[in-house]
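Position 108 of the sequence shown, counted from 1, bears residue number 108 in full-length UniProt numbering, the numbering being contiguous throughout.
Heads up, the beta-carbon is just placed ideally off N, CA and C, and yes, glycines get one too.
Small disclaimer: the values here were computed from a predicted structure and weren't measured.
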Amino acid sequence: MIKKHIPNAITSLNLFSGCIAVVSAIEGDLTAAFLFIILSAVFDFFDGFAARKLGVASPIGKDLDSLADDISFGLAPAAIVSSLLKECDYPEAMLDWAFVIPYIPYVIAVFSALRLAKFNNDERQHVSFIGMPTPANAIMTGAMANMPVAAFLWQPAPVFSDMLHFGLWSMLMLLAYAFITSWLLVCPVPMFSFKQKGKTQYVFAGCAIVLTALFAFAGLFATMVLYIAISFASTNRNTK
């Protein structure tokens, strides 16, 4: 039957789009990389939707989905951060070994694979997540990379401007971002999903629309930070 191949075909489009996102990021076209990550996220939504509606979910489809997601939402954001690090103006004392720095963010791809493997084998994650979902992390990274140059990740705080070289500041912030997001992917913190019932999802969706409409890339980045903050706040409230 043709219909049993439809979800896997959509997943393959996710993978194909993710590959283009990776290439775009490596070539320095971060806007294109971000747009193809968004396209991958659309395909990622519809492959599962199609599998459920057609009743053709399969172990092969599940494995293919994870492989595609690690490219689109693991390798692609890693390549984006790597590309940003290549543009840093490193201090002269670092020039001999600075070429190594852009490879470090690929830990994001490694932790994304680990997060996906845990998701596939964790019975607790059917309607919610434990750790940050890989698509959310990839979208946050793509938005961060396309924010205005004067965004806080790039502009040294006044108190540090005379203490740190501008390129060193950028490098430290980007490396910190790579490690923090890698940890978020596998941290034991429950994060809400739109599969859950409740008003939190609707409030978040409304905030996301307003922030993105008002501030574009910066608003979308803020939306992902809000998602993390709400999830951590809910966890702290539930443990009291």
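What are the partner residues of residue i, as DSSP defines its beta bridges?
i      : result
Pro190 : Ile130
Which term fits residue i, buried or exposed, when burial requires 16 or more other beta carbons within 10 angstroms of its beta carbon?
i      : result
Phe194 : exposed
Val81  : buried
Leu214 : exposed
Val203 : exposed
Phe99  : exposed
Phe43  : buried
Leu95  : exposed
Ser161 : Bear in mind that a pLDDT of 49 at Ser161, under 50, signals an unreliable position, so the model cannot answer this.
Val210 : exposed
Leu54  : exposed
Look at residue i and residue j and say whether their C-beta atoms are less than 7 Å apart.
i      : j      : result
Ser17  : Leu35  : no
Ser66  : Phe111 : no
Pro135 : Ala57  : no
Ile60  : Leu15  : no
Leu30  : Ala143 : no
Ala50  : Ile6   : yes
Asp47  : Ile10  : yes
Ile37  : Ala138 : yes
Between which residues of its own chain and residue i is the CB-CB distance below 7 Å, once the five residues before and five after are set aside?
i      : result
Val232 : Going by the sequence as given, residue 232 is Phe instead of Val. Result list for Phe232: Val189, in chain order.
Gly167 : Cys88, Asp89, Tyr90 and Pro91
Phe217 : Ala143, Asn146 and Met147
Arg115 : Gly131, Thr134, Leu185 and Val186
Ala28  : A quick correction: the sequence has Gly, not Ala, at residue 28. Within the same chain, Gly28 has close Cβ partners Ser83.
Ala208 : Thr223
Just tell me which of the options has its CA closest to the CA of residue i.
i           : options                           : result
Ala33       : Leu185, Pro91 and Ile20           : Ile20
residue 268 : Lys53, Phe179 and Pro91           : Nothing in the structure corresponds to residue 268, since the chain is present only between 1 and 240.
Tyr106      : Glu92, Leu85 and Lys118           : Leu85
Asp69       : Ile26, Asn120 and Met94           : Asn120
Ala25       : Gly206, Glu123 and Pro102         : Pro102
Met147      : Ala222, Ala176, Ser234 and Asp89  : Ala222
Leu184      : Thr141, Gly131 and Ala50          : Gly131
Ala176      : Ile230, Met94 and Thr141          : Thr141
Lys199      : Ile139, Cys187, Val210 and Ile230 : Ile230
Asn8        : Gly206, Ala208 and Arg52          : Arg52
Val186      : Leu13, Pro133 and Ser83           : Pro133
Val23       : Ser83, Met173 and Asp122          : Ser83
Phe45       : Glu27, Gly28 and Ser12            : Ser12
Between residue i and the ligand ATP, is there a pair consisting of the residue's CB and a ligand heavy atom that are separated by less than 6 Å?
i      : result
Ile139 : Among the components of this structure there are no ligands whatsoever, and the ligand ATP is therefore not found.
Can you find the residues in the same chain that come closer than 6 Å, C-beta to C-beta, to residue i, ignoring five residues on each side of it along the sequence?
i      : result
Lys109 : Sequence inspection shows Ala at residue 109; the Lys mentioned does not correspond to that position. Correct list, in chain order: Gly74, Leu75 and Ala78.
Excluding the 5 residues flanking residue i on each side, which residues of the same chain have their C-beta closer than 8 Å to its C-beta?
i      : result
Phe129 : Phe119, Pro190, Met191, Phe192 and Ser193
Thr212 : Gly219, Leu220 and Thr223
Ser234 : Pro190, Phe192 and Thr200
If we define contact as Cβ-Cβ less than 7 Å, is residue i a contact residue for chain D?
i     : result
Leu39 : Here there is only one protein chain, and chain D is not present.
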